[in-house]
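In what follows, a structure is listed as structure tokens, so that the remarks can point back to it.
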Amino acid sequence: MLLKRVHQNLKFLSDEEIIEIHNTSLKILENIGCYVPHYKILEILDGRHGVNIDLNKKIVKFEKKYVEEVLKGAPKSFEVVPAYFENRFKVGDGVLKLWMNYTQDMCDWVNHERKLCSNEDMMKGIILGNILPFVGTNNVVAAPEGIPSEVADIYCWYMLYKYSAKACNSFIYNLHSARYILEMAISMAGSVEDLKRKKNLMYFAESISPLRWGTHTLDIMLLYSQYEIPIFLGPILSSGGSGPVTLAGSLALANAEILSGIIILNALNEKQPIIYPVLTTPMNMRTAMISFGAPEMALLSAAGVQIANFYGFPSSGNVHLSDSNIADFQYGYEKATTFSLALAAGMEMWGIIGYSAAGHMGTNPGLSSLEGITLDNECFGYMTRILNGIEVNKDTLAYNVIKEVGIGGNFLATHHTADRFKNELWNPDIFVRQSYSEWLASGKRTAVENTIERTDKIIKDNWPCEKVIDSSKEKELDKIFNSAKKHMLDK
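One gets the working numbering by counting positions in the sequence shown from 1 and adding 836 to each.
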């Protein structure tokens, strides 16, 4: 169980400053509003007390009282049930969760080269997600080459449903894809009602900063809200680019956009599960590129978590990332700093759908890495041990053992040590803990080399990847995917 004195204890913002940001977000929504180019959603919002709409401009403004009423009643937690029921997990329980990454290309740690993802690479990523204990949700690492872009997202979900032993996540590009992926999710769940209960599908609805929603995003929000599909709401706003360069201003703007999404979803379905992503990112003013490893990223992430906690929503975010393109000192320092601060502030989910911490390298747009998933799993174990804290009770205080050993003795041979050291002391699989002479004798192996070796071993021991569904369910998925290919590629 997470200890509150460790988790949610770091505060870069005072309570008064959070309220100032909240009130500024409300002023933005009430006086400036947001662009909602969707007549059906505008029709649903129209006539609600506290909602003001300019139908010609498609600008919607929300009054303060209405926003705060919606926030009070919005759902704050839900459970996801994958094909393997024992791997279910709950969102909103405060327990730390690791999400796998998805990018367009991959990074080969052995040759330090960018590469396209093959179907084999994708399957290797699913194996790692299945086997590594701290990975909470599986992904395909990258869209494999050779798959037509029109059905790439459908193919990714298709393969995840067939092979992932854990809850899964990936991108959904448009409404056409969303319908086929929804059909697969219903098939996996068993029925529409089972889908609403199991929630084995999730979607990331990204607004376009500043203060705009894309029509395709609203289309999918409208469709998925009917089935109570969990939706991540969040702009990847860049401070100095699509948002104010001042961090407080960017936080207020990003929060306003997230609140607008919460209000829209609540109008579509009051039972709609929502996650509050913390994605605001500083922009490098010399290059106009976002910077995942900057100190401002740590500040924005930790502060964003505080705002999510203020509303009571579970939070996720882009932390434990780095701008470095190889696994070097910068890579480790930036990842550890951003993650540690967000963790101490109370972030629950390490990553977001499709663009997450586990396996991510570099920026603009960043790369996926099989070895990075393995290393991040190790880091996650390290951080989880810190979160577990120090248990203080009669047994752990060990007075009787201290008395028994007495002055000048040692505790190595006691039953107390033998019975408890495995649970008390974290033991790494990858990090180097050798004396200098031992390290020389072992060939001067580094943590990176250990990571590559362990990644290869996990894949070799579990290859080929086994399906997690029976033949009848596989036939249903095959039929849906083949239908998608026929209709979307023959247009």
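Quick reminder that beta carbons are idealized off the backbone N, C-alpha and C, glycines included.
All values reported here derive from a predicted model rather than from experimental measurement.
Please name the residue in the options whose C-alpha comes closest to that of residue i.
i, options, result
"V946", "L1135, V1284 and C992", "V1284"
"G1208", "V896, T939 and K926", "T939"
"T1022", "M1219, K1034 and S1013", "Per the sequence shown, the amino acid found at residue 1022 is Ile instead of Thr. If we check each option's Cα against that of I1022, K1034 comes out closest."
"K1239", "H1252, S850 and N888", "H1252"
"P873", "G1242, I1100, S913 and K847", "I1100"
"T1232", "L1248, I868 and E1260", "E1260"
"N975", "G982, K1002, N859 and K1311", "K1002"
"E1132", "P1118, I1126, V1141 and A1139", "P1118"
"G1202", "C943, S1319, V931 and D1212", "C943"
"V917", "K863, N937 and A1025", "A1025"
"I967", "I1305, T1291, S1273 and D1306", "T1291"
"K1107", "V1114, L1115 and I1098", "I1098"
"G972", "K933, D1314, N1010 and E1302", "K933"
"R950", "K1280, K1171 and L1206", "L1206"
"G1079", "P1066, Y1063, I1056 and R1048", "R1048"
"N845", "L1223, K1303 and Y1272", "L1223"
What does DSSP give as the partner residue(s) for residue i in the beta ladder?
i, result
"C1004", "N974"
"S950", "Before going further, note that residue 950 is Arg rather than Ser in the sequence given. Paired residues: C943."
"K1293", "Paired residue(s): none; K1293 is not in a bridge."
"F925", "V916"
"M959", "In the DSSP output, where bridge partners are listed per residue, M959 has none listed."
"W1186", "L934 and G1153"
Report yes if the C-beta distance between residue i and residue j is below 8 Å; otherwise report no.
i, j, result
"I821", "L1087", "In the structure as shown, the chain begins at 837 and stops at 1327. Residue 821 is therefore absent and cannot be evaluated."
"F970", "G1217", "yes"
"K894", "L878", "yes"
"I1111", "S1137", "no"
"W935", "M1185", "yes"
"L1018", "L1037", "yes"
"S1061", "L1104", "yes"
"K900", "E866", "yes"
"A1084", "V1141", "no"
"E1310", "I1266", "no"
"I962", "I1295", "no"
"D957", "V977", "yes"
"V987", "L1313", "no"
By the DSSP assignment, the beta strand (DSSP E) with residue i in it spans what residues?
i, result
"S1176", "Counting along the chain, S1176 falls outside any beta strand (DSSP E), though it belongs to the alpha helix (DSSP H) covering F1165 to A1181."
"K1303", "Careful: K1303 lies outside any beta strand (DSSP E) and carries neither H nor E."
"W1262", "From DSSP, W1262 is part of no beta strand (DSSP E); its letter is neither H nor E."
"L1153", "A quick correction: the sequence has Gly, not Leu, at residue 1153. Here the beta strand (DSSP E) through G1153 covers S1151 to G1153."
"L934", "K933 to W935"
Could you please give the first and the last residue of the uninterrupted alpha helix (DSSP H) stretch that includes residue i?
i, result
"S1205", "Premise fails: S1205 is in no alpha helix (DSSP H) and is neither H nor E."
"H1323", "S1307 to L1325"
"V1228", "Per DSSP, V1228 belongs to no alpha helix (DSSP H) and is neither H nor E."
"N859", "D851 to K863"
"P1131", "P1131 to Y1147"
"D1159", "Counting along the chain, D1159 falls outside any alpha helix (DSSP H), and DSSP gives it neither H nor E."
"I1072", "Neither: I1072 is in no alpha helix (DSSP H) and is coded neither H nor E."
> At what residue ranges does the region 1075-1126 contain a whole run of the alpha helix (DSSP H), taking only runs of 4 or more?
Replying inline: Those alpha helix (DSSP H) runs which fall completely within the region 1075-1126 and span 4+ residues are 1083-1104.
> Enumerated in chain order, which unbroken segments of the alpha helix (DSSP H) with a length of 4 residues or greater are wholly contained in the region 1007-1068?
Replying inline: Qualifying alpha helix (DSSP H) stretches, in chain order: 1011-1025, 1028-1034 and 1051-1061.
> Which runs of the beta strand (DSSP E) fall wholly inside the region 866-922 and span at least 3 residues, in chain order?
Replying inline: 887-890, 895-898 and 914-916
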